[in-house]
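Numbering (my numbering), first residue to last: 12 to 333.
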Amino acid sequence: MRIIVDAMGGDNAPGEIVAGAVMAAQSREDIQIFLIGKERVPSAEARSIELFMQEMDETETERAVIMGRKADNYGSVDNDEIDELARAYPGRFIPFAGVNPNLPGQVEEIERVAAMGFRGVGIDAGWLRRPLYHDDPVFDPIYAKCQELGMIVSLTSSFMLGPDLSYSEPCAIQRVAMKYPNMKIVVPHGCWPHVHAALAVAIRCPNVYLMPDCYIYIDGFALSDEYIKAANTYLKYRILYASSYPVRSLSQCLRGWKSRGFTDEALQNTLYDNAARLLGEKEDASKIQSEELFLITRDDISMLEKEGKKEREAGTAKKELD
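In structure tokens form, the structure reads like this:
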């Protein structure tokens, strides 16, 4: 029998919860106890940037993206405050501006923040007062300006955004990526639960990067292993780590991510190298990707020659069609 226990629940968590779980496991050989739960996030609780910087140092986080948000009732952050924070801690933060197509002057705002050193923009289409799909024409002036200025575009997409699951289907992002092929797109939450389709879009569109964040570092989400398999093999250069702070503390996010089945190379790529490539601080992997993506090995060819190289009997194709 398997028992899942929230180790962080209750007034005396986690100490008493863990002690009780240990006692139960020792007294019964027929049970397995799994401890889960969210650790406290002191910096978020205290709203303290000093504590957050301490958490960054403790987890050896060199730099972090500050993701802007202008999502109507779901939250809004002034882009000037993001700039103020980035300037207060030089070299530690990479600012992204929040944009909302329903607000006036958004193209001009993108020009303004780009001149200030922002590296991208964040869009939460499904959380707008009138939810939108990411390929809605209202976004075109924003996308066009981002492509012109080399700004990265973050399109948050999962089952949590939008009135139904259609708002997190990856096809809309594919249409955007193909319409603006020189605009790099990152997808926080990785379009979960449309995992296979999201991975297919990333294969098809070399300007799309997936950030499955909490759907990997919180163990147990269906299909999360597919992201890991992709990071280990055929999409090794376009899966990115993200904490989605304050969903979990920086330390709990990092431990959870590292505990999954990533290869050492995939950990280096997802935790650092892929982001560095995306930001233009490391060599571009596009040529490597195109060479490795659909690589057929000599063994594959030999297998095809042995099993598939057979002459058809005359007329068999017509028989099959009939």
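Beta carbons: idealized from backbone N, C-alpha and C, even for Gly. Source: prediction; values computed, not measured.
Residue 100 carries a coil assignment under DSSP once its states are collapsed to helix, strand and coil. Taking every protein chain shown into account, the CB of residue 37 has fewer than 16 other CB atoms within 10 angstroms, so this residue is exposed. In this chain, the beta strand (DSSP E) harbouring residue 131 covers 131-134. Excluding sequence positions up to five before and after residue 122, its CB lies within less than 8 angstroms of the CB of 156, 160, all in the same chain and listed in chain order. Its Cα nearest to that of residue 211, the residue 188 stands out among 228, 188, 194, 231. Straight through space, the alpha carbons of residue 44 and residue 266 are spaced by roughly 20 angstroms. For residue 35, the secondary structure class from DSSP, reduced to helix, strand or coil, is helix.
Per DSSP, the continuous alpha helix (DSSP H) segment holding residue 54 begins and ends at 53-57. Segment contact: the region 102-119 against the region 74-94, three or more CB-CB distances shorter than 8 angstroms; contact assigned. Within a 10 Å sphere around the beta-carbon of residue 199 sit 16 or more other beta-carbons, which makes this residue buried.
Boundaries of the alpha helix (DSSP H) around residue 152: 151-160. Of the residues 35, 64, 286, the one whose Cα lies closest to the Cα of residue 262 is 64. The three-state secondary structure of residue 223, taken from DSSP, is coil. Within the same chain, 206 come within 6 angstroms of residue 234 by CB-CB distance, once the 5 residues on both sides are set aside.
Within the same chain, 172, 173, 178 come within 6 angstroms of residue 137 by CB-CB distance, once the 5 residues on both sides are set aside.
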